[in-house]
Each structure stands twice: as structure tokens, then as C-alpha cells.
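Every letter in the sequence shown is one number past the one before it in full-length UniProt numbering, and letter 367, counting from 1, is 367. Below you'll find the structure, written out as C-alpha cells, and then a few comments.
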Amino acid sequence: MLRTTTLNELLGEQLLEHNESNNELNQISINELNGKGVGLYFATYSSSACRNFTPKLAAYYKGFNSNDEIEEKLEIVYISYDKDQATFNEHFKKMPWKALPFSDRDRAKTLHDKFHVKDIPTLTMLSSIREVFDFDGKRLFRSRKSRDDEYVWDGIICHQCYMSPIIGSRHGCIEKEECYVDLCETCLPKTKHEHPIIEYLIPKRQYSFEQLFKTVSHLLRPNSEEKIETKTIWENGVKCIGFYFSSHWWEPCRVFTPKLIEVYKEAQANSLPFRIVLVSSDYDKQSFHEYRSKMPWSAIPLGSSHLLHTYFQSCYIPRFYVVSSDGKVLSRRGVDDVTRKGIEALKTWIQEETVAPRTADEFEWDDVSCNGCSMNPIIGQRYRCSTCDNHDLCSTCEKKGHEHPLELVPQPTEDED
Numbered sequence: 001m002l003r004t005t006t007l008n009e010l011l012g013e014q015l016l017e018h019n020e021s022n023n024e025l026n027q028i029s030i031n032e033l034n035g036k037g038v039g040l041y042f043a044t045y046s047s048s049a050c051r052n053f054t055p056k057l058a059a060y061y062k063g064f065n066s067n068d069e070i071e072e073k074l075e076i077v078y079i080s081y082d083k084d085q086a087t088f089n090e091h092f093k094k095m096p097w098k099a100l101p102f103s104d105r106d107r108a109k110t111l112h113d114k115f116h117v118k119d120i121p122t123l124t125m126l127s128s129i130r131e132v133f134d135f136d137g138k139r140l141f142r143s144r145k146s147r148d149d150e151y152v153w154d155g156i157i158c159h160q161c162y163m164s165p166i167i168g169s170r171h172g173c174i175e176k177e178e179c180y181v182d183l184c185e186t187c188l189p190k191t192k193h194e195h196p197i198i199e200y201l202i203p204k205r206q207y208s209f210e211q212l213f214k215t216v217s218h219l220l221r222p223n224s225e226e227k228i229e230t231k232t233i234w235e236n237g238v239k240c241i242g243f244y245f246s247s248h249w250w251e252p253c254r255v256f257t258p259k260l261i262e263v264y265k266e267a268q269a270n271s272l273p274f275r276i277v278l279v280s281s282d283y284d285k286q287s288f289h290e291y292r293s294k295m296p297w298s299a300i301p302l303g304s305s306h307l308l309h310t311y312f313q314s315c316y317i318p319r320f321y322v323v324s325s326d327g328k329v330l331s332r333r334g335v336d337d338v339t340r341k342g343i344e345a346l347k348t349w350i351q352e353e354t355v356a357p358r359t360a361d362e363f364e365w366d367d368v369s370c371n372g373c374s375m376n377p378i379i380g381q382r383y384r385c386s387t388c389d390n391h392d393l394c395s396t397c398e399k400k401g402h403e404h405p406l407e408l409v410p411q412p413t414e415d416e417d
């Protein structure tokens, strides 16, 4: 939790509320909020998302405060982004809570900066002792329990009904550079959006090559900006495709890429039915084209790979995911497999088999160093101290002892990236 400050310092001495007839605004003392949990509601009438969320929040607010079993009541304070006083007055009429006076623009700006408001509506929740316990109070709208094999999209909120997290199928806008919207399956048919809405692929489930590439309109030919049909990558009996997540700006990618090129050229010389496609994390087209100019495989156009990033849950680079023609992910650790086994890894995959993992003594813990001897990365068994913050030890240093109990960290399985 983040400790804030007193309500007087945050919001001033006076707030606004409606009279019983809801036709006038009255000033009240900030002290009336003492002993209550407080939500700061950053919103504006000009936003359709805010107009949609406000009545849902109002219903929750009324229901919460009418529950006699709840001792600590909830108060909400509207922090307006409205363009003028008249718009503020009209918007605030629909709200059953308090408001920061619209005239106090400097304080509204200070609150915006203090609580790092990035989009609206935003509801920041403070406890009765003025600690921030949720920067995203929209999570008040919790999801139902998942049924059967429904997927739970942790951290993803429906922008229409605010289901948090989305359960089941997830739909979103593919124009990620222009807008961001996620919808649950219930809200999808009720929502109009200016850009195409796609259904996300559910991680760990099997999909055909055609389904994996469904949002990729075309590929780019190696060392060229010529467009080629996406289906060419899996035609002519291709057994596996390797999805290479990489970027020119990250040194580990620049180190691994020449090795992968060498192995792939050997595979081509031996007519192995294996293909690779670049999934770039470069920031601009010039860097993207310069980097892939050395690669003998095709590439997904820059900005067209969001669906694949989400499906593979790719957070780090380089990553090399290998998928068979029946949709099975044969390797999520393809970088390590190729580094250790070279062309033999590709020969194993085209037989629809997995490469044997490293033993416990051989396993490399990417991006984890030993706090005892500075081994980087830790190789072999890894121990962690849950008392100390991010304190890891290799097996040699573990034997030397530590002031707190140590836990052996399990080696990740193939399904864990």
C-alpha cells in the first residue's frame, strides 16, 4: 500500500454535495469523510466510457452504503475533467456522492499527477487511514467464477461492463497504436467500435497455422519489402513453424540470431519442412528492416503481431516458440534448445517430438544472478530467501548457509516461459 496524506491536504477544507432535492449544491466540511473509505473518481462527461461507468458505480455505491453489515462506509469524491462549470454541473447531477469544486483546477491537476492517472474513468481507492489500496477501483466489479475450461484473463477488464478479470472469450481492438479496448463475450454484440474487433487466441490451447496468423494480412519476403501471402509459410508439407520474437536493440537477440541463421540455412540445405517467421519488437520500420535484412526467413509486418504476443504470453526476448502443423506448441524454450542441440533440435521437432530439457544441474535461470558469488545466470539448482527481497543463491552458496531459511525454486516446466 502507498501511504498518502491527510484528506485536508489532498482535497482542501470544503467539498460539494447535492441537497435533498438535488437542485442545489451545498458546501460540506471535509471532516464529514472521516472514518470512511474514500474513492477518488476521475472522469468527464465528454467520455462515453465515463458516461457508461458512472451509473454502474452509482448503483454499487448506493448498495454498499445501504448494507448495515458493513461498518466502514464508502465515500466517493468526483475529480472533474469537464470542460466548463456548466458541463460539470450537468454531469454531477447524476452522481450521489461528493465532488471537488470545479473551480479548484490546480488541486485537480495535483491529484491527477499524484495518483498517476493515465486514462479515465479512474477510481483510486483510499482506506480510512488514507493508504492507497487500489489504484484501479474499477476492480470493484469482480468477475463471476469460471465454468468448466473457461480461461481467466488475469488483469484484463471489460471496458463496457467492467468485468474484472474477463472470463471466457476475450475480444479486442487490433489497432493497438490508436486505441485500446477489451470486451467480454456478453458485451461484444452490444458494442459499436470504430476499428475491427477480433477474438483473442486463448493461451496454451491448440490452433491451426491459419488461426494463428488470422490477423496477419501478409508476410514480408526475406531481405525485401515485397508482400507475400501468409499461407505460403505453411504450404508444401511444412511440419513446424518457429515464431522468433526478437529485436535489434537487445544484445541477447543479436547474439542468438547468427546461431539461428546458421541452423536454419543448414535445415534448408537438407530440405527440412521447417519454417521460421520473425515477430519483431523493434520500435521503427528502419530498425526493423535493417535487422531482418540478415535473416533468411519471412517476417510479420511491424505492428501486426499483438495477437501472437498475447497467445504466447511473450514478455521477454529473444524467444523462439515452435508449433507443429496440428497446433501443438513443441517448445517454448526454443532459444535454449537450438543453442544446445543445433540442427538436431529442428530434426526432433519435425518428428512432432520435444527436445529433452536440461537436467537440474544444467538448467540456466535466465536473468537471475546469485547474490552470493554473482554467477549470472545461475546454473543448476536455485535457492531463494523469502525473507530477503529478491535474494537468490546458487547451490554452492546455499551450502555456505544464510541467515534465513532458504527454499529450493522448482525448475520451470516446458509450459512455463
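We put the CB at the ideal spot given by N, CA and C, even for glycine.
- Here the stretch 248 to 259 does not lie against the stretch 216 to 235, with fewer than 3 beta-carbon pairs under 8 Å apart.
- Contact between the stretch 21 to 36 and the stretch 104 to 116 is absent: fewer than 3 CB-CB pairs across the two stretches fall below 8 Å.
- The count of Cβ pairs closer than 8 Å, one atom from the stretch 201 to 211 and one from the stretch 327 to 346, reaches three, so the stretches are in contact.
- At the C-beta level, Cys240 and Ile350 come within 7 Å of one another.
- Per DSSP, the unbroken alpha helix (DSSP H) holding Gly63 starts and ends at 48 to 65.
- By the 16-neighbour rule on beta-carbons within 10 angstroms, Glu75 is buried.
- At a cut-off of 3 residues, the continuous stretches assigned as beta strand (DSSP E) that sit fully inside the stretch 209 to 293 are 240 to 246, 274 to 280.
- The alpha-carbon of Glu407 is positioned some 11 Å away from that of His391.
- The stretch 177 to 189 makes no contact with the stretch 294 to 302; the number of CB pairs closer than 8 Å stays below 3.
- Here DSSP, grouped into helix, strand and coil, assigns Val117 to coil.
- With respect to Lys98, Leu7 sits apart: the two C-beta atoms are not nearer than 7 Å.
- Around the beta carbon of Glu262, fewer than 16 other beta carbons lie within 10 angstroms, which makes this residue exposed.
- In the displayed model, Ile174 falls within coil according to three-state DSSP, outside both helix and strand.
- In the displayed model, Trp297 falls within coil according to three-state DSSP, outside both helix and strand.
- For Arg340, there is no enclosing beta strand (DSSP E); the enclosing alpha helix (DSSP H) has its first and last residue at 334 to 341.
- Taking C-alpha positions only, Asp119 is separated from Arg333 by approximately 36 Å.
- Rounded to the nearest angstrom, the Cβ distance from Lys56 to Tyr162 is 7 Å, consistent with a contact under 8 Å.
- Residue nearest to Lys36 within the set Ser164, Met125, Pro405 is Met125 (criterion: CA-CA distance).
- Residue pairing for Ile166: DSSP places it in a beta bridge opposite Trp153.
- Looking at the DSSP output, Gly37 sits in a beta bridge with Leu74.
- The alpha-carbon separation between His18 and Thr54 amounts to approximately 16 Å.
- Following the DSSP letters along the chain, one finds Phe320 inside the beta strand (DSSP E) bounded by residues 319 to 324.
- Pairwise C-beta distances place the stretch 275 to 289 out of contact with the stretch 357 to 368, as fewer than three of them are shorter than 8 Å.
- Contact between Phe243 and Val279 holds, with the beta-carbon distance rounding to 5 Å and staying under 8 Å.
- Counting along the chain, Thr124 sits inside no alpha helix (DSSP H); it lies in the beta strand (DSSP E) bounded by residues 122 to 126.
- Following the DSSP letters along the chain, one finds His391 inside the beta strand (DSSP E) bounded by residues 391 to 394.
- Contact between the stretch 185 to 204 and the stretch 165 to 174 is present: 3 or more CB-CB pairs across the two stretches fall below 8 Å.
- Each residue's CA atom was taken as its position, placing Leu346 and Glu235 some 18 Å apart.
- Residue environment for His91: buried (at least 16 other C-beta atoms within 10 angstroms of its C-beta).
- With a contact defined as Cβ atoms closer than 8 Å, Phe245 and Pro318 qualify at about 7 Å.
- In the three-state reduction of the DSSP assignment, Trp349 falls in the helix class.
- Around Pro273, the same chain offers Gly237, Val238, Lys239, Ile350 as residues with beta carbons nearer than 7 Å, after the five sequence neighbours per side are excluded.
- The Cβ atoms of Glu403 and Tyr383 do not sit closer than 7 Å to each other.
- For Ile379, the secondary structure class from DSSP, reduced to helix, strand or coil, is strand.
- With distances taken between CA atoms, Ala59 lies nearest to Pro96 out of Pro96, Asn89, Ile79.
- Between the C-alpha atoms of Asn23 and Phe88 there is a straight-line separation of about 14 Å.
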